[in-house]
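Under this note's numbering, think of the first position of the sequence shown as 15, with each following residue one higher.
Here's the structure we're looking at; comments come further down.
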Amino acid sequence: MYIIERANVYSEEEECIKNISFYIKNNAVQSIKPANVKTPILKMDVSSFIMTPTHVMLDSHLPSENFQLLKQYSKRHYLLKGCHTIITPFSIQYEYQFDRELHKKRVSLLNSPVDYVLALRLPIKIISPSLIRKCKKEKIAIIFVELDDESLLSQMPWGWIREAMFPYNPILIPAILSNKDTKRKTIIKRWNEVLDEEKIPRLFDEIQEKKRQYL
């Protein structure tokens with residue numbers, strides 16, 4: 015166990031810098047306490063730095079033509095904005111496309127200058143226990159679910175899907191296809207009603223492209 019001591023941490027919520035210490039055990043933060051705590055534990059003084067939360071952004075349209083284009087794009091849109099991790103999905107319309115599209119996506123990101131989290135994007139009607147098991151096997155932790163109507167939500171075999179998700183639970187995120195605000199709100203409302211009742215891990219709303227996410 016050791017202490018990262020006197021860390022100047024910027025809080026975006028409170029718009030101020032807090033001086034705190036992190037207690038580290040087994041390579042994880044065990045607790046956070048005031049900066050000046052007297053203890054014989056090994057300490058690492060980081061008071062000369064300012065720490066900020068890392069930014070995570072969603073980008074569904076990364077250029078994949080060549081490495082130089084990807085490098086320039088990533089630097090302009092992410093690295094210069096303090097974002098070092100992106101969520102980037104590959105899309106399928108049918109289950110049989112999963113392996114092929116996943117392979118293509120991974121190859122396109124071999125030399126990515128930013129860290130990334132792979133996600134799957136698909137129409138709700140093709141979600142199945144077998145697809146969930148594929149995601150678990152390939153460590154795909156995020157599934158974007160395309161929705162253009164709320165009626166399909168109550169027709170899905172959620173019980174079987176929930177069983178397939180356990181214990182490695184990919185999180186479901188809605189991706190609303192309708193441009194009408196009233197329709198979008200109706201779908202989101204039903205999304206939360208059904209998935210809450212079925213105890214399916216999900217986000218309550220969409221996430222926007224190239225907007226900061228704190229994950």
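Yeah, the Cβ is synthetic: ideal placement off N, Cα and C, and Gly gets one too.
Contact under 8 Å by Cβ, residue i with residue j
i: Lys39; j: Met15; result: yes
i: Ile190; j: Ile156; result: no
i: Leu136; j: Glu115; result: no
i: Ile201; j: Ile175; result: no
i: Ile106; j: Ala133; result: no
i: Met71; j: Tyr37; result: no
i: Gly96; j: His69; result: yes
i: Val131; j: Leu167; result: no
Residue nearest to residue i in terms of C-alpha spacing, selected from the options
i: Lys224; options: Asp210, Trp172, Pro215 and Ile100; result: Ile100
i: Ile55; options: Asn193, Lys203 and Ile17; result: Ile17
i: Leu83; options: Ser122, Pro171 and Glu220; result: Ser122
i: Asp195; options: Glu220, Met58 and Tyr37; result: Glu220
i: Ser61; options: Val23, Asp113 and Gln222; result: Val23
i: Met179; options: Tyr37, Pro215, Ile140 and Ile138; result: Pro215
i: His98; options: Val128, Glu29 and Lys213; result: Val128
Terminal residues of the alpha helix (DSSP H) in which residue i lies
i: Val23; result: Per DSSP, Val23 belongs to no alpha helix (DSSP H); it is in the beta strand (DSSP E), Tyr16 to Ser25.
i: Ser122; result: Phe112 to Ser122
i: Ser144; result: Pro143 to Lys151
Beta-ladder partner(s) of residue i, from DSSP
i: Cys97; result: His69
i: Ile187; result: Phe158
Delimiting residues of the beta strand (DSSP E) encompassing residue i
i: Gln82; result: Counting along the chain, Gln82 falls outside any beta strand (DSSP E), though it belongs to the alpha helix (DSSP H) covering Phe81 to His91.
i: Arg135; result: Asp129 to Pro137
i: Lys32; result: Cys30 to Lys39
i: Ile156; result: Ile156 to Leu161
i: Asp59; result: Lys57 to Asp59
Distance cut-off 7 Å: residue i Cβ against heavy atoms of the ligand MN
i: Leu94; result: Because no ligand of any kind appears in the structure shown, any question about the ligand MN cannot be addressed here.
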